[in-house]
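Encoded as structure tokens, the structure appears first; notes follow it.
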Amino acid sequence: MRHNDLNYHLTLSGHTHGMQFGIEIPGFIKLSPAWFVYKRWAGIYKEFGRFINVNRGFGFLGYSGRAGIWPEITVITLKKSKNSIN
Numbered sequence: 005m006r007h008n009d010l011n012y013h014l015t016l017s018g019h020t021h022g023m024q025f026g027i028e029i030p031g032f033i034k035l036s037p038a039w040f041v042y043k044r045w046a047g048i049y050k051e052f053g054r055f056i057n058v059n060r061g062f063g064f065l066g067y068s069g070r071a072g073i074w075p076e077i078t079v080i081t082l083k084k085s086k087n088s089i090n
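Here it is in structure tokens:
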């Protein structure tokens, strides 16, 4: 993610597969070879006052399985702001 002065309210983009291999114990450790390629490879991050959710995806690429990296589906619920104009 790069700094941008434009005021985006929502940005949706792709996902990683966590390279389909890793070790995760929630709240304790989250490791994957993806860490060597991507600064942000899974989870929610905050940069430049904005949040980014990097999803690990549901399917696979190449090898038809996962080891230690659970598939993930993100559900986003959009709500109208109380301050919005109709």
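Heads up: the sequence shown runs through residues 5 to 90, numbered per our numbering.
A virtual CB, placed ideally from N, CA and C, is assigned to each residue, including glycine.
These numbers come from a predicted model, not from an experiment.
Thinking Thr20 and Tyr42 are a contact (beta carbons under 8 Å), I'd like their distance in whole angstroms, please. That belief holds up - the Cβ atoms of Thr20 and Tyr42 are roughly 6 Å apart, short of 8 Å.
Nearest candidate by alpha-carbon position, reference Phe40, set Gly26, Thr78 and Phe52: Selected option, being the one with the closest Cα: Gly26.
Between which two residues does the beta strand (DSSP E) harbouring Tyr3 extend? Given that the chain is displayed from residue 5 to residue 90, the structure contains no residue 3 and the question cannot be resolved.
Less than 8 Å between the C-beta atoms of Phe62 and Ile73, yes or no? It is not a contact, given that the beta carbons lie outside the stated cut-off.
Have a look at Gly66 and Leu82 and give me their C-alpha separation to the nearest angstrom. Spanning the two alpha carbons is a distance of roughly 34 Å.
C-alpha distance - Ser17 paired with Asn87, whole-angstrom precision: Between the alpha carbons of Ser17 and Asn87 lies a distance of about 27 Å.
Given Ile80 as reference, the closest of Gly69, Ala71 and Val58 once Cα atoms are compared: Scanning Gly69, Ala71 and Val58 for the CA closest to the CA of Ile80 turns up Val58.
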